[in-house]
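Heads up: the sequence shown runs through residues 1325 to 1417, numbered per the working numbering. Glycine included, each C-beta is placed from N, C-alpha and C at the ideal position. See structure below.
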Amino acid sequence: MKTNILHDTELTRPVPVLYKSKANCCGCSACYSICPASAISMIPDEEGFLYPTIDSKKCVHCFKCIDVCAFKPDQKDKGYYQTRNVGLKKAGK
Ligand code: SF4
Ligand code: SF4
1325 MKTNILHDTE LTRPVPVLYK SKANCCGCSA CYSICPASAI SMIPDEEGFL
1375 YPTIDSKKCV HCFKCIDVCA FKPDQKDKGY YQTRNVGLKK AGK
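In structure tokens:
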């Protein structure tokens, strides 16, 4: 069952950036599949390839989309992300 309960750490996090260029996204849709708030849509680009877009009004800042994405570890290194066992932390700490 999905829940909309937000924890304090989730309220202070930004809406994540799923990719900054297409080199950071292969369009696998893992983020779309795992999002508990149905905040991600897969939108076709001009060539018909699907890329994810987040609806910031639906996003609950859980960062599961970043956690599941194995395609851009640079974003995990730079910012906040959630691990399953220790919650919010800065990468490398
Ligand atoms: S999980 Fe990562 S690589 Fe896959 S569609 Fe989402 S952002 Fe792109
Ligand atoms: S942070 Fe959570 S709610 Fe927001 S888009 Fe990612 S998976 Fe969905």
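| Item | Value |
| --- | --- |
| Can you list, in chain order, the residues of its chain whose CB lies under 8 angstroms from that of VAL1339, leaving out five sequence neighbours each side? | ILE1378, SER1380, CYS1383 and HIS1385 |
| For ILE1367, count neighbouring Cβ atoms within 10 angstroms of its own Cβ and tell me buried if that reaches 16, exposed if not. | exposed |
| Among all the DSSP beta bridges, which residues are the ones paired with SER1365? | THR1377 |
| Is DSSP giving ALA1354 helix, strand or coil here? | helix |
| Residues around ligand 1, please: the condition is that the C-beta lies closer than 6 angstroms to some non-hydrogen atom of it. | LEU1342, TYR1343, CYS1349, CYS1350, GLY1351, CYS1352, SER1353, ALA1354, CYS1355, PRO1376, VAL1392, CYS1393 and PHE1395 |
| Quick one: Cα of GLY1372 to Cα of ALA1363, how far? | 21 angstroms |
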